[in-house]
Amino acid sequence: MSAVVSAQTPNFSFQDIYGKQHQFAEYKGKWVIVNYWSPQCGPCLSEIPALKQVAAQYRNNVVVLGMDAGETPDAELRRFIRQKGINYTVVPTQDSTMFALGLIYGVPTTYIVSPQGKVIDTHMGAVTVEQIKGYFAREPQKFSNKDEGSEKPCTGGLC
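Taking numbering that gives the first Met the number 0, I'd label the letters of the sequence shown as residues 0 to 158.
Given below as structure tokens:
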């Protein structure tokens, strides 16, 4: 299930699992995949490989934020990140993040934020690499695919 939103994202601050402070506005100019999840959620676990792939493949153009919505203790969350080899920023449950982009009716819920800082879609349920790439194609944005070993520009956000 997804819903087109097209609202400007507010700036909000949050702390990642390692204590680093972030401002959402820092990501303007990049795609931001904001994934609300919980380590106790089966569909959430099934989408981790897709999020890892997007984070690795598009690291210069896309930021993936894993927002824990399950109030998982920090030590348990850090252990989970190591076990799963998560390569994107994980954010423990915080008041500033829980409803920053809208209501969350269940997990996983993923907000897709364009480089212009607009929420272009909200997806409830597990996401796939193909779905995420589809968002890039819908919003024309030039990407460089040097992450993939080539310097040729990409069109439509796909390399």
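Where a beta carbon is used, it is the ideal one built from N, C-alpha and C, also for glycine.
How is the beta strand (DSSP E) around residue i delimited, first residue to last?
i	result
K117	K117 to M123
V31	W30 to W36
By Cβ distance below 8 Å, which residues in the same chain neighbour residue i in space, the five residues on each side in sequence not counted?
i	result
K19	none
Grab me the residues of residue i's own chain with a C-beta within less than 6 Å of its C-beta, minus the 5 sequence neighbours each way, in chain order.
i	result
V106	Y35, W36, S37, C40, C43 and A68
T109	N34, H122 and V126
I131	V53
Here's a check: name, in chain order, each residue in its chain whose Cβ is nearer than 7 Å to the Cβ of residue i, leaving out the five neighbours to either side.
i	result
S149	Because the pLDDT of S149 is 41, which lies under 50, any placement of that residue in the model is unreliable, and the number read from its coordinates should be weighed accordingly. Closer than 7 Å at the Cβ level, and outside the excluded window around S149, lies no residue.
E70	T92
G116	Q7, T8 and K27
Ends of the alpha helix (DSSP H) at residue i?
i	result
T96	D94 to M97
When we look at the beta-carbon of residue i and count the other beta-carbons within 10 Å, is it buried (16 or more) or exposed?
i	result
N59	exposed
Y104	exposed
T8	buried
L100	buried
P114	buried
Can you tell me the Cβ-Cβ gap for residue i and residue j, rounded? I've got them flagged as a contact below 8 Å.
i	j	result
I111	Y134	5 Å
Legend entry - Stretch pair the stretch 51-66 + the stretch 24-33: three plus CB contacts closer than 8 Å: In short, these stretches touch, since the Cβ pair count reaches three.
Inset, instruction - Inspect the CB distances between the stretch 34-53 and the stretch 113-126 and report whether three or more fall short of 8 Å. - result: Segments in contact, yes.
Inset, instruction - Take every Cβ of the stretch 9-26, pair it with every Cβ of the stretch 88-97, and state whether three or more of those distances are shorter than 8 Å. - result: Judged by pairs of C-beta atoms under 8 Å, the stretch 9-26 touches the stretch 88-97, as three or more such pairs exist.
Inset, instruction - Answer yes if the stretch 68-85 comes into contact with the stretch 47-54, meaning at least three C-beta pairs across the two stretches below 8 Å, and no otherwise. - result: Counting Cβ pairs under 8 Å, three or more are found: they touch.
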